[in-house]
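S.K.: Heads up: the sequence shown runs through residues 1 to 219, numbered per our numbering. Handing you this structure, nothing more for now.
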Amino acid sequence: MPNETITPDLLLQAYASGVFPMADSREDTELFWVDPEERGIIPLETFHVSKSLAKLIRQEKFTVTTDTAFRDVMRACARPARGRDTTWISERIEDLYTDLHKRGFAHSVECWQDGELVGGLYGVTLAGAYFGESMFHTVRDASKVALAYLVARLKAGRFVLLDTQFITDHLKQFGAIEIPRDEYQQRLREAFAVHSANFEQMDQSVSGDTVLQLITQTS
Numbered sequence: 001m002p003n004e005t006i007t008p009d010l011l012l013q014a015y016a017s018g019v020f021p022m023a024d025s026r027e028d029t030e031l032f033w034v035d036p037e038e039r040g041i042i043p044l045e046t047f048h049v050s051k052s053l054a055k056l057i058r059q060e061k062f063t064v065t066t067d068t069a070f071r072d073v074m075r076a077c078a079r080p081a082r083g084r085d086t087t088w089i090s091e092r093i094e095d096l097y098t099d100l101h102k103r104g105f106a107h108s109v110e111c112w113q114d115g116e117l118v119g120g121l122y123g124v125t126l127a128g129a130y131f132g133e134s135m136f137h138t139v140r141d142a143s144k145v146a147l148a149y150l151v152a153r154l155k156a157g158r159f160v161l162l163d164t165q166f167i168t169d170h171l172k173q174f175g176a177i178e179i180p181r182d183e184y185q186q187r188l189r190e191a192f193a194v195h196s197a198n199f200e201q202m203d204q205s206v207s208g209d210t211v212l213q214l215i216t217q218t219s
């Protein structure tokens, strides 16, 4: 599909249907739709925080913010990393998701150290679902902290679905699982029945202890 036919509105319709776009490289001018047979998710109720990560969160080694550097996070996610020379985050994708961000449908979590952006993630929100797109770190464990803060924010905001698209060994340590497409569609319908989800429910200045309490709460 020529990328000029994909608009922010069409992107939202695609997510609501369970599909998402990718590109073959940073410079690629074409996008394609992906609808995996097995979908990666992290069940919010069983998100796992290791003892070492919990200790790091309590220490508040990083300053964590939300939606303060969305495009910078996207660009950082698109840079080459260990084991990955290319990226599916093309410049067109960057522009489309930045537009969604300006409209309140895409959000980032940032980790800072000494004023420098050292980790983060971004994704799309619709109803009670957060569709995670990508994460990065330049300082050890920064992306793990960003993910923990995201989960706390989602639980505080009454979200019910954290979609990771695919799963990796990195995500498995947090409790990520694969589910069949039919089960994912059912979870997606349940998420779209949630009308009270609010990504801004959690205050930006919460303590690490509060983040851990939110993660472990069961209701």
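Where a beta carbon is used, it is the ideal one built from N, C-alpha and C, also for glycine.
For the alpha helix (DSSP H) containing residue 62, list its first residue and its last residue.
M.R.: No alpha helix (DSSP H) contains residue 62, which DSSP labels as neither H nor E.
S.K.: Whole alpha helix (DSSP H) runs in the segment 121-206 with 4 or more residues, listed along the chain?
M.R.: The segment 121-206 contains these whole alpha helix (DSSP H) runs: 142-156, 169-172 and 181-192.
S.K.: Under the assumption that residue 135 contacts residue 77 (Cβ atoms under 8 Å), give the Cβ distance between them as a whole number of angstroms.
M.R.: Yes, they are in contact, since the Cβ atoms of residue 135 and residue 77 sit about 7 Å apart, within 8 Å.
S.K.: Counting along the chain, where does the alpha helix (DSSP H) carrying residue 78 start and finish?
M.R.: Segment 70-78, the alpha helix (DSSP H) holding residue 78.
S.K.: Which class does residue 8 belong to by DSSP, given the choice of helix, strand or coil?
M.R.: If DSSP states are grouped into helix, strand and coil, residue 8 belongs with the helices.
S.K.: How big is the Cα-Cα spacing for residue 25 and residue 195?
M.R.: If you take the alpha carbons of residue 25 and residue 195, they lie about 36 Å apart.
S.K.: Determine the direct distance from the alpha carbon of residue 180 to that of residue 100, and round the result to whole angstroms.
M.R.: Using only the alpha carbons, I get a separation of about 28 Å.
S.K.: Below 8 Å on the Cβ atoms is my contact criterion, and I expect residue 57 with residue 74 to pass it. Report the Cβ-Cβ distance as a whole number of Å.
M.R.: Not really, about 24 Å apart at Cβ, beyond 8 Å.
S.K.: DSSP on residue 96, reduced to helix/strand/coil?
M.R.: Residue 96 falls in the helix class under three-state DSSP.
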